[in-house]
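Report on the following structure.
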Amino acid sequence: MGYNPDKPMEDRITDLGPPHYEKFLPPVIKKNFGKWLYHEITQPGVLMHKSETGDECWTVRCGAARLISIDHIREICDIADKHCGGFVRWTTRNNVEFMVDAKAKVQPLIDDLKSRGNKFPIGATGASVSAIVHTQGWVHCHTPATDASGVVKAVMDELFDYFTSMTLPAQVRVALACCLNMCGAVHASDIAILGIHRKPPMIDHDAISGLCEIPLAISACPLGAISPAKATNSAGVEVKTVKVKNERCMFCGNCYTMCPAMPLADPEGDGIAILVGGKVSNRKSMPKFSKLVIPFLPNTPPRWPETVAAVKNILDTYAKDARKYERVGEWAERIGWEKFFEKTGIPFTIKSVDDYRLAYDTWRTTTQFKFTSHI
Amino acid sequence: MPKHDTPLLDELEKGPWPSFVTDLKRQAATKPECWDILGQVELSYKDRITHWKHGGIVGVFGYGGGIVGRYSDVPKQFPGVAHFHTVRVNQPSGLYYSTENLRAICNLWQKYGSGMTNMHGSTGDMVLLGTTTPNLEPLFYDLTHELKQDLGGSGSNLRTPSCCLGKSRCEWSCFDTQALCHFLTNKYQDELHRPAFPYKFKFKMSGCPNDCVAALARSDFAVIGNWKDDIRIDQAAVKGYIKGEFPSNGGAHAGRDWGKFDIQKEVIDLCPTGCMWMEGDTLKIDNKECTRCMHCINVMPRALRPGKEQGATICVGAKAPILDGAQFATMIFPFVNVDAESEYEEVVEKIEKIWDWWMEVGKNRERVGETIQRVGLPTFLKVMEVEPIPQHVREPRSNPYVFWQSEEVEGGFERDIREFRKRHAQ
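These protein sequences, in sequence, are chains A and B.
Quick note on numbering: the first sequence equals residues 127 to 501 in our numbering.
Quick note on numbering: the second sequence equals residues 3 to 428 in our numbering.
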């Protein structure tokens, strides 16, 4: 029994797909599937869903690191076995949800969660900061410009009170992607923390012919900065390779993705950009992209104080100034981006003026503007 | 495997948010390779750069995705992470689990991997983080034989579809997102496991325009619940909100004193189409003017509900900025039936039409949204055999450079310059 390396294809099973979700639904969910009438957040982190059958599903939502151990998952299972009939779920923002079918079961569950140190912070409902969705960073990725889990931990420590309360004008979605590939799809987040490179790739003439298809490396560049070249490798042999017009490079890293002989990561070159004002929901205003407001902050492990302070400042300014129901981007558009920069005290630099494709869409072509300290 | 000193990472054990460092140290008691994860990440914290080599092609026989190869560039220092491949396990729709299933996954990963996971990866999979090449086939064998589960997608495949929790616990979901997600994932197992596309292709399903899985921002094919008829109103509950008997927005703003609820200021004046008003104490909605943004429903969940004629809007071509800039998905099909009885015929037909075209004309590493940009939306609409409607654009074009076709113009494009010159001297 089990895998036989001598006959790898024996008894092979493929294309099973995922397990059917129905067998993982708690009984109260299964019974009331499609029958929910309304919901209410009764306290931060606690949701009550009311069914037309009269049933109630009570959910306690807890924050979690995205990077978690099987020991931690087993502890989650212990809690779910004890309180929730052996079922649990995750949200799309890495939060863990424990569901019970009666109000009386909520407090014992909360008491249990709170007795376990800081492992299960309760919150992430309503006008709060939910957990940060993020990428791998230095714990697993080969192209990052910053870490992910560490930056997220440092930022969430600072934003913790916003996670466990509902005092903001609207929900705030913070996301982190550790390079411009944006596995974390941070391009439509209220506040996006984005790892960026600032040095063009180096070219490893010793390795390039063995590692890369040179035409693919050349076509990987969206700005045509890479061209064919010849160079002498360290053995003194002339080899076919590429050269990079550094002044054309926008540091996207796509060449490195296609060609491992063109690394661009660098301790001084890499760091973090902050983008704000994106949203996905169609509520009130249409979905919006996040906009670049801070072009660069250095990588300062272990706690990235500059990034933490920048995020906190934007959030505090928004919390004070925005109207009820206004997302960060809606607030910035109402007051005007010139006011956003003035109120947050973030210096406006030429790096926030778009010069890439479709850039013209973002230039101001009206006499309507506000006189701020910038003028 | 020896412990490593981790003075920098130890700083991340402080503070109120759960610490992945503390968690890794706990797991190291039974999975000592976690010390080498800590050791290598500590080195990255010191050097301020990653220590993973570029790529690495590994997998299981017969599949072209689901495993992401990873190797340390300092393997002598940290042999426990010399190989550190990722295994993507296809998650169940809506991310519900039984503890029995989760424990089985944990036991599998105790046996074959580092003990560390991501719950979940950005696309939606359960991510098992860190194993060796020799462990891949035995792990896959146990995963399929004992757990009856399968890998998710990676590379130029259909990526693992994902959805919001839909009708299982949300009153707004306009179709059963979990059922559609499960159906499509199973129908397209070949596309998910064996790369045949120009680049990745993602399905995401959200039950309503609140779009909790960010389908509009992240998926090549976004199915977003919508309705066609009138918002359902419970006028008694509207009065309840006005009197302050129910908290606004389901209690989402309860942490701060925003003053007494004001339906005029908080609902009617914020409606983007201005299609609501009060007549006495009765709320009126001019539904044919409504664009279904969900704001009023979000604010008064006990009083307002989406209409009963429900289906989905399909938008195509979202992606993150690499390379030509970020794109939201473009609205192509305003309202389709999401119908399990017909095996989702209306959805499936659209998917396959897009794939047939994109697999032919899409360039290597070109997302379908970029292909549409390259050929233009008019061409894509023709390919999809969709009649153009004003809803396809935010506003009409402001330049006159229309690609007229020869057959559209009287007499066609072929003309005789000599005939022309007889009447018009040069």
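All C-beta atoms, glycine included, are put in the ideal place defined by N, C-alpha and C.
Whether residue i touches residue j by CB criterion (8 Å)
{"i": "Leu390 (chain A)", "j": "Lys477 (chain A)", "result": "no"}
{"i": "Gly82 (chain B)", "j": "Trp37 (chain B)", "result": "yes"}
{"i": "Gly57 (chain B)", "j": "Gly71 (chain B)", "result": "yes"}
{"i": "Asp273 (chain A)", "j": "Ser46 (chain B)", "result": "yes"}
{"i": "Val215 (chain B)", "j": "Leu182 (chain B)", "result": "no"}
{"i": "Ile258 (chain A)", "j": "Val278 (chain A)", "result": "yes"}
{"i": "Gly438 (chain B)", "j": "Arg304 (chain B)", "result": "A question about residue 438 (chain B) goes unanswered here, because the residues of chain B that appear run from 3 up to 428."}
{"i": "Thr119 (chain B)", "j": "Ile194 (chain A)", "result": "yes"}
{"i": "His315 (chain A)", "j": "Pro170 (chain A)", "result": "A small fix is needed here, since residue 315 (chain A) is Ser in this sequence, not His. For Ser315 (chain A) and Pro170 (chain A), no; Cβs fall outside 8 Å."}
{"i": "Ala322 (chain B)", "j": "Phe330 (chain B)", "result": "no"}
{"i": "Ser124 (chain B)", "j": "Cys304 (chain A)", "result": "no"}
{"i": "Arg234 (chain B)", "j": "Leu306 (chain B)", "result": "yes"}
{"i": "Cys298 (chain B)", "j": "Pro274 (chain B)", "result": "no"}
{"i": "Leu239 (chain A)", "j": "Val226 (chain A)", "result": "no"}
{"i": "Gly253 (chain B)", "j": "Glu166 (chain A)", "result": "yes"}
{"i": "His195 (chain B)", "j": "Tyr65 (chain B)", "result": "yes"}
{"i": "Gly189 (chain A)", "j": "Pro152 (chain A)", "result": "no"}
{"i": "Asn251 (chain B)", "j": "Gly252 (chain A)", "result": "yes"}
{"i": "Cys338 (chain A)", "j": "Pro386 (chain A)", "result": "yes"}
{"i": "Cys18 (chain B)", "j": "Asn244 (chain A)", "result": "Checking the sequence, you will find Pro at residue 18 (chain B) rather than Cys. Yes, these two residues count as a Cβ contact at 8 Å."}
{"i": "Thr88 (chain B)", "j": "Leu26 (chain B)", "result": "no"}
{"i": "Glu173 (chain B)", "j": "Trp162 (chain A)", "result": "yes"}
Proximity test, Cβ basis, 8 Å: residue i and chain A
{"i": "Asn289 (chain B)", "result": "no"}
{"i": "Gly41 (chain B)", "result": "no"}
{"i": "Gln191 (chain B)", "result": "yes"}
{"i": "Met333 (chain B)", "result": "no"}
{"i": "Gly57 (chain B)", "result": "yes"}
{"i": "Lys169 (chain B)", "result": "yes"}
Cβ of residue i within 8 Å of any chain B Cβ
{"i": "Glu468 (chain A)", "result": "no"}
{"i": "Thr367 (chain A)", "result": "no"}
{"i": "Ala190 (chain A)", "result": "yes"}
{"i": "His198 (chain A)", "result": "yes"}
{"i": "Ala253 (chain A)", "result": "yes"}
{"i": "His146 (chain A)", "result": "yes"}
{"i": "Thr261 (chain A)", "result": "yes"}
{"i": "Gly336 (chain A)", "result": "no"}
{"i": "Tyr444 (chain A)", "result": "no"}
{"i": "Ile139 (chain A)", "result": "yes"}
{"i": "Met328 (chain A)", "result": "no"}
Interface residues of chain D facing residue i [CB-CB closer than 8 Å]
{"i": "Glu464 (chain A)", "result": "Going by chain labels, chain D is absent from the structure shown, which instead holds the protein chains A and B."}
Reference residue i; option with closest CA among the options
{"i": "Lys306 (chain A)", "options": "A:Met328, A:His268 and A:Thr293", "result": "What sits at residue 306 (chain A) in the sequence shown is Leu, not Lys. Looking at the Cα atoms, A:His268 is the closest of the given residues."}
{"i": "Arg171 (chain B)", "options": "A:Phe377, A:Glu182, A:Ile344 and A:Leu320", "result": "A:Glu182"}
{"i": "Leu160 (chain B)", "options": "B:Phe142, B:His122, B:Leu130 and B:Lys202", "result": "B:Lys202"}
{"i": "Lys438 (chain A)", "options": "A:Val281, A:His323 and A:Phe224", "result": "A:Val281"}
{"i": "Cys166 (chain B)", "options": "B:Ala106, B:His147 and B:Lys206", "result": "B:Lys206"}
{"i": "Arg50 (chain B)", "options": "A:Lys157, A:Ser241, A:Leu423 and A:Trp264", "result": "A:Trp264"}
{"i": "Gly350 (chain A)", "options": "A:Thr358, A:Thr218, A:Asn372 and A:Glu284", "result": "A:Asn372"}
{"i": "Asp213 (chain B)", "options": "B:Asp283, B:Ser175 and B:Phe80", "result": "B:Ser175"}
{"i": "Gln2 (chain B)", "options": "B:Gly155, B:Asp7 and B:Glu362", "result": "As shown, chain B starts at 3 and ends at 428. That puts residue 2 (chain B) outside it, with no answer to give."}
{"i": "Ala399 (chain A)", "options": "A:Phe159, A:Lys157 and A:Val312", "result": "A:Val312"}
{"i": "Lys5 (chain B)", "options": "B:Phe63, B:Trp19, B:Gly61 and B:Phe80", "result": "B:Phe80"}
{"i": "Val340 (chain B)", "options": "B:Asp178, B:Ser95, B:His394 and B:Ser208", "result": "B:Asp178"}
{"i": "Trp447 (chain B)", "options": "B:Ala198, B:Gly276 and B:Gln312", "result": "Look at the range of chain B in this structure, 3 to 428, and you will see that residue 447 (chain B) is not part of it."}
{"i": "Pro144 (chain A)", "options": "B:Val349, B:Gly96 and B:Lys48", "result": "B:Gly96"}
Heavy atom of the ligand COA within 7 Å of residue i beta-carbon
{"i": "Cys183 (chain A)", "result": "Among the components of this structure there are no ligands whatsoever, and the ligand COA is therefore not found."}
Q. Curious, which full-length alpha helix (DSSP H) runs of at least 4 residues does the segment 371 to 400 of chain A contain?
A. With a minimum length of 4 residues, the continuous alpha helix (DSSP H) runs that stay inside the segment 371 to 400 of chain A are 380 to 384.
field: Under 8 Å (Cβ pairs) to chain B, residues found in the segment 410 to 422 of chain A
entry: Lys410, Ser411, Pro413 and Phe415
Within 7 Å of chain A by C-beta, residues of the segment 107 to 124 of chain B in sequence order | Cys108, Trp111, Gln112, Gly117, Met118, Thr119, Asn120, Met121, His122 and Ser124
- prompt: Name the residues in the segment 302 to 326 of chain A whose C-beta lies less than 7 Å from a C-beta of chain B; which are they?
  reply: Leu306, Asn307, Met308, Cys309, Gly310, Ala311, His313 and Ala314
Chain B contacts made by the segment 156 to 172 of chain A, where a contact means CB separation under 9 Å:
Lys156, Asn158, Phe159, Gly160, Lys161, Trp162, Leu163, Tyr164, His165, Glu166, Ile167, Thr168, Gln169 and Pro170
Output, in sequence order along the chain, the residues in the segment 208 to 229 of chain B whose CB is closer than 7 Å to any CB in chain A.
-> Pro211, Asn212, Asp213, Cys214, Val215, Ala216, Leu218, Ala219 and Arg220
inquiry  = Using a Cβ-Cβ cutoff of 7 Å, what residues of the segment 309 to 329 of chain B are near chain A? List them in chain order.
reply    = Ala322, Pro323, Ile324, Leu325, Asp326, Gly327 and Ala328
- Query: For the segment 314 to 380 of chain B, which segments carrying the alpha helix (DSSP H) assignment without a break, of at least 4 residues, lie completely within its bounds, in sequence order?
  - Reply: 347 to 363 and 370 to 377
**Q.** Short-range partners of chain A found in the segment 251 to 267 of chain B, where Cβ spacing is below 8 Å
**A.** Asn251, Gly252, Gly253, Ala254, His255, Ala256, Gly257, Arg258 and Trp260
Beta strand (DSSP E) runs wholly inside the segment 389 to 464 of chain A, at least 3 long, in chain order
Fully enclosed beta strand (DSSP E) runs of 3 or longer: 397 to 402 and 417 to 424.
Q. Which parts of the segment 61 to 134 of chain B are runs of the beta strand (DSSP E), unbroken and 3 residues or longer, counting only runs that do not cross its ends?
A. Here the runs fully enclosed are 87 to 91, 98 to 100, 118 to 121 and 128 to 133.
Note to self: Just to confirm the assignment: which complete alpha helix (DSSP H) runs, minimum length 4, are found wholly within the segment 136 to 211 of chain B?
What the structure shows: 179 to 189 and 191 to 195
Against chain A, which members of the segment 64 to 86 of chain B pass a CB distance test of less than 8 Å?
Gly64, Tyr65, Arg72 and Phe86
Scan the segment 218 to 271 of chain B and note each continuous alpha helix (DSSP H) run of 4 residues or more that stays entirely inside, going in chain order. 237 to 245
Checklist entry - Quick one, which residues of the segment 12 to 23 of chain B are near chain A if we go by CB-CB under 7 Å, in chain order? => result So the close ones are Glu13, Leu14, Gly17, Pro18, Trp19, Pro20, Ser21 and Phe22.
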